[in-house]
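Asks: In terms of the UniProt record's numbering, the sequence shown is residues 1 to 312.
Backbone N, C-alpha and C define an ideal beta-carbon position, used for all residues, glycine too.
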Amino acid sequence: MALSACCNIVCSSNINTSLPSFPFKFPSLWPTNQKVKMGPLSVSPMGFGTWAWGNQLLWGYQESMDDDLQQVFNMAVDNGVNLFDTADSYGTGRASLDRMQIEQIGIGQLHWSTANYAPFQELALWDGLVAMYDKGLVQAVGVSNYGPKQLLKIHDYLKDRGVPLCSAQVQFSLLSMGEDQLEIKSICDSLGIRVIAYSPLGLGMLTGKYSPSKLPTGPRGLLFKQILPGLDPLLSSLREIANKRRKTMSQVAINWCICKGTIPIPGVKSITQAEENLGALGWRLSSDELLQLEYAAQQSPRRMIQNIFQTR
Ligand SMILES: NC(=O)c1ccc[n+]([C@@H]2O[C@H](COP(=O)([O-])OP(=O)(O)OC[C@H]3O[C@@H](n4cnc5c(N)ncnc54)[C@H](OP(=O)(O)O)[C@@H]3O)[C@@H](O)[C@H]2O)c1
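Encoded structure:
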């Protein structure tokens with residue numbers, strides 16, 4: 001059984017930055033010694049997602065963006081970020097140890113469970129995860145898109161084989177904070193598993209730059225068209241808090257994820273976005289602000305659609 005078909009990779013060490021660094025270093029935007037424990041690893045409280053770094057259909061990637069993306073990566077590393085989320089399916093299946101020029105992956109995560117469509121394959125995948133860990137190909141293992149029930153099952157299975165489950169990656173944002181997310185978070189807290197929040201900006205909707213009359217091209221535009229018309233209460237709250245705090249809406253949306261005890265991995269496509277998102281670190285929203293944002297999110301009639309492979 002090949003594990004690679006649904007392996008989501010988080011590199012948190014041995015990152016190759018042999019290419020030239022970003023030409024100048026920003027003044028430290030956050031106390032970079034304040035790393036977070038994730039299993040055996042010590043990671044930045046926010047990572048960066050790389051889905052857009054190679055995906056044409058959803059994200060409009062072009063090869064001409066590569067130099068800029070390299071600069072984004074170098075700048076992030078220079079500024080203390082040591083968590084990058086990638087997958088073998090990203091870059092149209094081009095991600096690999098060779099391309100990443102590393103010998104060991106920080107956290108090898110199952111991208112999703114097969115429980116919804118091929119449950120008989122599930123145990124083979126779990127065994128693959130154990131094998132990767134035992135062979136030292138990964139420093140730690142995790143899952144993604146696992147719901148509360150399936151998460152408990154794999155946790156116990158791995159534990160019996162002496163493999164600690166270190167992370168659970170799930171769609172988690174002000175637009176995706178249903179009962180499942182809360183249950184997953186509480187299970188993870190009780191078992192010492194870190195929650196990694198993917199799509200913390202709702203694919204860009206929470207940045208405030210899109211509106212029903214200003215939609216992105218491609219499939220994202222179709223999705224945003226459904227959701228954005230009901231999003232005024234949430235976007236207004238984000239804007240109000242951002243203005244009061246002299247932050248941006250993206251920074252507030254990402255900081256909310258951090259305050260909820262998760263490690264967000266926003267996707268970034270430019271130095272400007274990366275620099276802005278780094279400004280989500282080093283401060284915290286107040287409990288009143290968190291409540292205001294969550295109340296506003298509940299006023300929004302539509303949420304993000306969930307990944308079709310997300311299990312219960
Ligand atoms: N395990 C899974 O199944 C799964 C699923 C989805 C995602 N992920 C991971 O999670 C990562 C993050 O999620 P995501 O990329 O789906 O969505 P996201 O982080 O919610 O949104 C990222 C997009 O928002 C826009 N953006 C980001 N920062 C911005 C800023 N400061 N100002 C303005 N626009 C900004 C950019 O796109 P535009 O400039 O084009 O608007 C960017 O690509 C992915 O890259 C991937 O690594 C995992």
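If you drop the 5 nearest sequence neighbours on each side, which residues of the same chain put their C-beta closer than 6 Å to that of residue 99?
Replies: What you label residue 99 is simply residue 99 of the sequence shown in a count that begins at 1. Closer than 6 Å at the Cβ level, and outside the excluded window around residue 99, lies no residue.
Asks: If I'm right that residue 165 touches residue 154 with Cβ under 8 Å, what's the distance once you round it to whole angstroms?
Replies: The residue you call residue 165 lines up with position 165 of the sequence shown. The residue you call residue 154 lines up with position 154 of the sequence shown. Yes, residue 165 and residue 154 are in contact; Cβ-Cβ is about 7 Å, under 8 Å.
Asks: If you check the beta carbons only, do residue 176 and residue 150 fall under 8 Å apart?
Replies: Position 176 of the sequence shown, counted from the first residue, corresponds to residue 176. Position 150 of the sequence shown, counted from the first residue, corresponds to residue 150. Not closer than 8 Å, so no.
Asks: Relative to ligand 1, is the shortest distance from any of its heavy atoms to the C-beta of residue 207 smaller than 7 Å?
Replies: Numbered from its first residue, the sequence shown carries residue 207 at position 207. Yes, Cβ of residue 207 sits closer than 7 Å to a heavy atom of ligand 1.
Asks: Any heavy atom of ligand 1 closer than 7 Å to the Cβ of residue 265?
Replies: Your numbering for residue 265 matches position 265 in the sequence shown. Yes.
Asks: For residue 101, verify whether its CB is less than 7 Å away from any heavy atom of ligand 1.
Replies: Working through the sequence shown from its first residue, we reach residue 101 at position 101. No, the beta carbon of residue 101 sits no closer than 7 Å to any heavy atom of ligand 1.
Asks: Between which two residues does the alpha helix (DSSP H) harbouring residue 272 extend?
Replies: Here residue 272 corresponds to residue number 272 of the sequence shown, with the count starting at 1. Per DSSP, residue 272 belongs to the alpha helix (DSSP H) from 271 to 278.
Asks: Using the three-state DSSP reduction, which class does residue 140 fall into: helix, strand or coil?
Replies: Looking up residue 140 in the sequence shown gives position 140. It is a strand residue.
Asks: For residue 130, does the three-state DSSP call read helix, strand or coil?
Replies: For the purposes of this step, residue 130 is taken as residue 130 along the sequence shown, with counting starting at 1. Three-state DSSP puts residue 130 in a helix.
Asks: Against chain D, does residue 193 count as a neighbour if the rule is that its beta carbon must be under 8 Å from one of theirs?
Replies: The question asks about chain D, but that chain is absent: this structure has only one protein chain.
Asks: Jot down the residue ranges of each uninterrupted beta strand (DSSP E) in the segment 51 to 103, minimum 3 residues, whole runs only, in chain order.
Replies: 84 to 87
Asks: Assuming residue 83 contacts residue 43 (C-beta within less than 8 Å), just tell me the rounded distance between them.
Replies: The sequence position of residue 83 within the sequence shown is 83, counting from 1. The sequence position of residue 43 within the sequence shown is 43, counting from 1. Correct: roughly 4 Å between the Cβ atoms.
Asks: Do residue 198 and ligand 1 come close, with the Cβ less than 7 Å from some heavy atom?
Replies: By one-based count along the sequence shown, residue 198 stands at place 198. Answer for residue 198: yes, Cβ within range of ligand 1.
Asks: Are there any heavy atoms of ligand 1 lying less than 7 Å away from the beta-carbon of residue 115, as far as the coordinates show?
Replies: Looking up residue 115 in the sequence shown gives position 115. Answer for residue 115: no, Cβ out of range of ligand 1.
Asks: Can the beta-carbon of residue 267 be found less than 8 Å from the beta-carbon of residue 29?
Replies: As a position in the sequence shown, residue 267 is number 267, starting the count at 1. As a position in the sequence shown, residue 29 is number 29, starting the count at 1. No, the pair does not count as a contact, with Cβ atoms beyond the cut-off.
Asks: May I have the straight-line CA-CA distance separating residue 67 from residue 54, to the nearest angstrom?
Replies: By 1-based counting over the sequence shown, the position of residue 67 is 67. By 1-based counting over the sequence shown, the position of residue 54 is 54. Each residue's Cα considered, the two are about 13 Å apart.
Asks: Beta-carbon within less than 6 Å of residue 145's beta-carbon, same chain only, minus the 5 sequence neighbours each way: which residues are those?
Replies: In the sequence shown, the residue the question calls residue 145 occupies position 145. Hits under 6 Å: 112, 307, 309 and 310.
Asks: Residue 258 and residue 280 look like a contact to me (Cβ under 8 Å); what is the Cβ gap, rounded to whole Å?
Replies: Taking the first residue of the sequence shown as 1, we reach residue 258 at position 258. Taking the first residue of the sequence shown as 1, we reach residue 280 at position 280. Between residue 280 and residue 258 the Cβ distance is about 7 Å, and since that is below 8 Å, they are a contact.
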